[in-house]
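K.L.:
full-length UniProt numbering puts the first residue of the sequence shown at 1, with every later residue one more than the last.
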Amino acid sequence: MSCLSARTGRQRQRYEGNLRLVSGCIPYRWIKDSTDQTGETEEMIEVLMVSSPKRDDLVFPKVLDNELDIIYVCNNSLHQHLITFQGGWEDDETVTEAACREALEEAGVKGLLREVPLGIWEFRSKSNLDLCCTEGGCKGYMFAMEVTEELHTWPEQNNRSRQWLNIKQAFSLSRYEWMCSALEEFLRVIEEERKLEKQDEDSIGCPSSLVADVSESQTMAPPKCYKRSSTMPHHSMNSKKNILSCAS
Numbered sequence: 001m002s003c004l005s006a007r008t009g010r011q012r013q014r015y016e017g018n019l020r021l022v023s024g025c026i027p028y029r030w031i032k033d034s035t036d037q038t039g040e041t042e043e044m045i046e047v048l049m050v051s052s053p054k055r056d057d058l059v060f061p062k063v064l065d066n067e068l069d070i071i072y073v074c075n076n077s078l079h080q081h082l083i084t085f086q087g088g089w090e091d092d093e094t095v096t097e098a099a100c101r102e103a104l105e106e107a108g109v110k111g112l113l114r115e116v117p118l119g120i121w122e123f124r125s126k127s128n129l130d131l132c133c134t135e136g137g138c139k140g141y142m143f144a145m146e147v148t149e150e151l152h153t154w155p156e157q158n159n160r161s162r163q164w165l166n167i168k169q170a171f172s173l174s175r176y177e178w179m180c181s182a183l184e185e186f187l188r189v190i191e192e193e194r195k196l197e198k199q200d201e202d203s204i205g206c207p208s209s210l211v212a213d214v215s216e217s218q219t220m221a222p223p224k225c226y227k228r229s230s231t232m233p234h235h236s237m238n239s240k241k242n243i244l245s246c247a248s
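1) Just to confirm before moving on: does the CB-CB distance between I190 and I31 stay below 8 Å?
2) Going by DSSP, what residue range makes up the beta strand (DSSP E) through residue 255?
3) Please report the Cβ distance between A99 and F143, rounded to the nearest whole angstrom; I am assuming they are in contact, meaning their Cβ atoms lie under 8 Å.
4) Whose C-beta lies closer than 7 Å to the C-beta of K195 among residues of the same chain, with five residues either side of it excluded?
5) For the alpha helix (DSSP H) containing S181, list its first residue and its last residue.
6) Determine the contact status of P155 and E105, defining contact as a CB-CB distance below 8 Å.
7) If you follow the beta strand (DSSP E) that E43 is in, where does it begin and where does it stop?
8) Report yes if the CB atom of I120 is closer than 8 Å to the CB atom of G137, and no otherwise.
9) When the Cα of N18 is compared with those of G111, V50, E122, which residue comes out closest?
10) Using the beta-carbon count (16 or more within 10 Å), is R12 buried or exposed?
11) Among K198, E201, I26, which one has its Cα closest to the Cα of V50?
12) My output table needs one value for Q13: the three-state DSSP class, helix, strand or coil.
13) When you compare each of Y28, L173, E192 to E149 by their alpha carbons, which one comes out closest?
14) Quick one: what's got a C-beta closer than 6 Å to W164's C-beta in the same chain, skipping five residues either side?
15) From E193 to Q157, what distance separates their C-alpha atoms?
16) Kindly indicate the opening and closing residues of the beta strand (DSSP E) around T94.
17) Do V95 and R23 come within 8 Å of each other at the CB atom, strictly closer than that value?
18) For E122, name the three-state secondary structure that DSSP assigns.
19) CB-CB under 7 Å to L21, same chain, minus the five flanking residues each way: which ones, in chain order?
20) Under the three-state reduction of DSSP, which class applies to E150: helix, strand or coil?
21) Around the C-beta of D33, are 16 or more other C-beta atoms found within 10 angstroms, so that it is buried, or is it exposed?
22) So, at 8 Å on beta carbons, what are the nonlocal neighbours of E93 in its own chain, with the 5 sequence-adjacent residues on each side left out?
23) Is the beta carbon of L118 less than 8 Å from the beta carbon of E185?
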């Protein structure tokens, strides 16, 4: 049993007009893939998805109310479609804190969250997809989170299972078009980071000052989630190759 508990109810939800404000993230990690002809180990990126209660598909973790998720999670039975983790952004937390909370509650992961969102998407909760009225609409802020810790127990583990997927699988299993759009933006950001990283490796600078800058750009945000300052470049990592190899 997890000692943590998930938030429920909508008493503290934020709204913008008729749209409910939600926040979520795409959790990801780097894994060793194979060794190329030069003998160097290649790495590829995976994203995490979770199952949605009473559904036969997958989603991402979210702050919404079990209607949509924004970290990729697999369903308890069939694995036909996926969605992301996201949920309601409440009035006692920031949008980034809400994204971190949803990842923890729905997928049991903590990590480094980029402060700048991947984008903002408007959509309807699945229970209102066929309605013509403005009710049931959501405005979602999506972030990227590099996972640093996976908990063995988490608040919603009895209702959700989690599954790591390569990019190609994530695209094919995403339930909604806006989630594919978020994945595309996620890949663009990661590729941009890879190019900046390569420039850093090729330049002659002072490594110690770079490490100091990255350290200063991190601030703690509950639940144990680090935010990346928008005034700093994306953090540097060891050279990553073929991050998009599974997307084609």
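Just so you know, even glycine gets a beta-carbon here, dropped at the ideal spot from N, CA and C.
P.N.:
Quick look at the numbers:
1) no
2) Any property of residue 255 remains undetermined from this structure, which presents the chain solely from 1 to 248.
3) 5 Å
4) none
5) 177–202
6) Yes, they are a contact pair.
7) 41–51
8) no
9) Of G111, V50, E122, the smallest CA-CA separation from N18 is found for E122.
10) exposed
11) Closest option to V50, judged by alpha-carbon separation, among K198, E201, I26: I26.
12) strand
13) Y28
14) E46, L48
15) 33 Å
16) It is not in any beta strand (DSSP E) - T94 carries neither H nor E in the DSSP assignment.
17) The sequence shown places Ser at residue 23, not Arg. Contact flag set, yes.
18) strand
19) R14, Y15, W89, K139
20) strand
21) buried
22) R101
23) yes
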